[in-house]
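Below: one structure, written as structure tokens.
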């Protein structure tokens, strides 16, 4: 059952998968991910986005002029030519959101896929600029009429997501990271390959 926020199970209902009960912490995290606005154009800060301690320590080794907080990216003078970088990641986030909604719904939280599709449609109707281009994963999963069809649609989204992500990683590792290294030859940026995982 869904509560007022749309995604958390009611207290009397416990979310479960088979015989396993889902912890309150996992349920709260799923609800945050599903409620998160993952639309374009410039959602740079995501409420649930946390980098690992190891990655954060790597970033601290960067020179000051390269340690620009995410909250400052959009107003940075060099951002104009690189605005697409965060946007390349939005589709991934939207597709994962749809997959998580289908899994959450299948764990006994009925209506999660339709709720996500409604939330996405509402955000896009308020700001049409956010809808172009954008993933239609939430709609694809929600319009399936049975639980089995929704899980299949989520699997199809996952398969496409994985192929797209593999291509994206290939471009970053074989082009973008090499360009960064060429532009900053004295800077050790080898950590980006490991942190990518």
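In this note's numbering, the protein residues as written are 4 to 200. All C-beta atoms in this analysis are idealised placements derived from N, C-alpha and C, irrespective of residue type, glycine included.
Which of helix, strand or coil DSSP assigns to residue i
i	result
residue 142	helix
residue 1	Residue 1 cannot be examined here, being either before or after the span of the chain that is shown, 4 to 200.
residue 39	coil
residue 190	coil
residue 103	helix
residue 109	helix
residue 44	Its pLDDT being 49, under 50, residue 44 is placed unreliably in this model, and the coordinates cannot settle the point.
residue 77	coil
residue 147	coil
residue 95	helix
Outcome for residue i when other beta-carbon atoms lying within 10 angstroms are tallied against a minimum of 16
i	result
residue 103	buried
residue 156	buried
residue 108	buried
residue 37	buried
residue 143	buried
residue 122	buried
residue 81	exposed
residue 29	exposed
residue 59	exposed
residue 33	buried
residue 178	exposed
Residues of its chain near residue i, where Cβ-Cβ distance is below 7 Å and the 5 sequence neighbours each way are ignored
i	result
residue 140	97, 98, 101, 160
residue 154	105, 109
residue 130	none
Span of the alpha helix (DSSP H), counted from its first residue to its last, around residue i
i	result
residue 196	194-199
residue 201	Here the chain has residues from 4 to 200 only, and residue 201 is not among them.
residue 53	First-last for residue 53: undefined, no H or E at that position.
residue 162	150-174
residue 186	180-186
residue 70	No alpha helix (DSSP H) holds residue 70; DSSP gives it neither H nor E.
Beta-carbon contacts of residue i that lie in its chain and below 6 Å, excluding the five residues immediately before and after
i	result
residue 145	116, 117, 120
residue 180	195
Sequence-distant residues of its chain with Cβ nearer than 8 Å to residue i (five each side left out)
i	result
residue 95	164, 167, 168, 171
residue 63	70
residue 199	172, 175, 176
residue 65	190
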